[in-house]
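Protein chains in written order, with the numbering used here: chain A, 1 to 232; chain F, 1001 to 1232.
Protein chains: 2
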Amino acid sequence: MTASREAILSASRKAIARRGVRGLRVNSIAADAGVSSGLLYYYFTDRAGLLRATFYYISERIDTRRSEYDAPGDSPRARLEHRIFEYRDDEELVEGTAALNELRASAIYDPELRAPLAETTADFIAQLRGEITEAQSGGEIEDHVDPQRAALAIGTFMEGLDGRWLSGQITSAAARELLSHVIAQLLGPRPSGGSGQTGQPVTSVAPVSDRNLITRYCLLSARSGVTAGSRG
Amino acid sequence: MTASREAILSASRKAIARRGVRGLRVNSIAADAGVSSGLLYYYFTDRAGLLRATFYYISERIDTRRSEYDAPGDSPRARLEHRIFEYRDDEELVEGTAALNELRASAIYDPELRAPLAETTADFIAQLRGEITEAQSGGEIEDHVDPQRAALAIGTFMEGLDGRWLSGQITSAAARELLSHVIAQLLGPRPSGGSGQTGQPVTSVAPVSDRNLITRYCLLSARSGVTAGSRG
């Protein structure tokens, strides 16, 4: 990807996360990215093309960002669990999660967004399903668990959790705790002596703090003009 | 509630479900409801007041609508399961679910919507928690299940499922099947000889058809000008 193309997609992600899809102005994105509107239209044809490309860009970036949380020696199940704990102090993850959440909500009203939504969602579910199957082969998840159904249930739950987390209804620590509980119910408990397991309990993956909540607040209240300090 | 007040709230729900919160024009709502803008402002003060009242109105109406699905002789657990299976051919439920989903997504950007969002969500979780506790007293859910955590997990999952269902990524039948699976994992299986149980399997609560998907499609594509017929 060229630097200017990436700058445009990054500016689009930030604008969607802060102001929503329906507040998106193509000319402002070009200005934010430091390129001409002509170049933006050359790359993406029109507003719909830019939104579609932003969908794929965010999904790929979140995948990459998540895999950076893999710990050395992670067993397949530990890797799966580390990757999906996206509720943490990582500005790019927060921004990407906010933008994806907004794109998902907009797809209900905008038929042009439905194909990229369906594709990126199916990709994520397929990835989860693969990770579940791998953990199953290693004996870390019992055979009676249906990988496709479990992946769909976890992915759907995470989408609901994203909305609660982004609107400040649940703290990062509580979101991680709830996700950990739901995973244990859907995949069964992690075997205590499983092969290659890291032993670190999932709920302590990231330090428990309210920084994440404040980060989201700063990110999302940019439009309302309220400062993080005034919140305490 | 006066008839004119209810007409305004009903028109607001329909407009949000069809065109989204950010496309909402107060004067159009008054016209749709057959009242003057003056009366609307008299009742709700401003746009934010109308949105807040719409939030509460929809939540109450969905609760009422859900309870109409109670079957005679339902045990507490059967009642709980019948009520939350909102993914069915019921125009008001579809419209209410669509409007709530849109209000939830908008609350991320609009601080004024966060208090009604938090209150209506907490009410729904408290109701679910109460129903779980009641089923526990009757021996239909095992004692080790934490009612508050289970209610929060089910509510969060349903919000994710709403988004998928409304954007046509999952059929009504598949949504019911997935919810049924998740409930069984979170609450444990229904006891086969439980007291007062209806014996009707949850997945057959409503006839399996694509009518619901088409209803949602018609409802939500009103803005895009596509007809349901063109979709097959």
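The beta-carbon is built from N, C-alpha and C at its ideal position, and this holds for glycine as well. Just so we're clear, the structure is a prediction, and the values are computed from it rather than from any experiment.
Boundaries of the alpha helix (DSSP H) harbouring residue 82 (chain A): 76 to 84, taken from the DSSP string.
Here the stretch 74 to 81 of chain A makes contact with the stretch 124 to 142 of chain A; the two share three or more CB pairs at distances below 8 Å. Contact between the stretch 1097 to 1105 of chain F and the stretch 1054 to 1062 of chain F is present: 3 or more CB-CB pairs across the two stretches fall below 8 Å. Considered as a whole, the stretch 1008 to 1054 of chain F harbours 1026 to 1033 and 1037 to 1044 as its complete alpha helix (DSSP H) runs of no fewer than 4 residues, in chain order. Residue 110 (chain A) is not a Cβ neighbour of residue 179 (chain A), given a cutoff of 9 Å. Straight-line measurement puts the Cα of residue 82 (chain A) at about 14 Å from the Cα of residue 90 (chain A).
Using a Cβ-Cβ cut-off of 9 Å, residue 1046 (chain F) does not count as an interface residue toward chain A, since no Cβ of chain A sits closer than that to its own. The shortest C-alpha to C-alpha distance from residue 17 (chain A) to any of A:163, A:185, A:191 and A:182 is the one to A:163. Under the Cβ criterion of 9 Å, residue 1013 (chain F) is not counted among the residues facing chain A.
As the crow flies, the alpha-carbon of residue 158 (chain A) is around 8 Å from that of residue 1157 (chain F). CA-to-CA, the gap between residue 19 (chain A) and residue 1108 (chain F) works out to about 10 Å.
Shortest Cα-Cα distance from residue 150 (chain A) to any of A:127, A:172 and A:186 involves A:186. Between residue 1093 (chain F) and residue 160 (chain A), the alpha-carbon positions lie close to 19 Å from each other. In this model, residue 1 (chain A) and residue 11 (chain A) are separated by some 15 Å (Cα to Cα). Residue state for residue 1095 (chain F) is assigned as helix, using DSSP reduced to three classes. One finds 149 and 153 in chain A with Cβ atoms closer than 8 Å to the Cβ of residue 1181 (chain F), taken in chain order. For the options A:141, A:53 and A:32, the alpha carbon positioned closest to that of residue 80 (chain A) is the one of A:141.
DSSP places residue 1191 (chain F) outside both helix and strand once states are collapsed to three, so it counts as coil. With fewer than 16 neighbouring CB atoms inside 10 Å of its own CB, residue 1036 (chain F) falls in the exposed class. By the 16-neighbour rule on beta-carbons within 10 angstroms, residue 104 (chain A) is buried.
Take residue 1147 (chain F), set aside five residues on each side of it, and the residues of its chain with a beta-carbon closer than 6 Å to its own are 1129, 1132 and 1133, in chain order.
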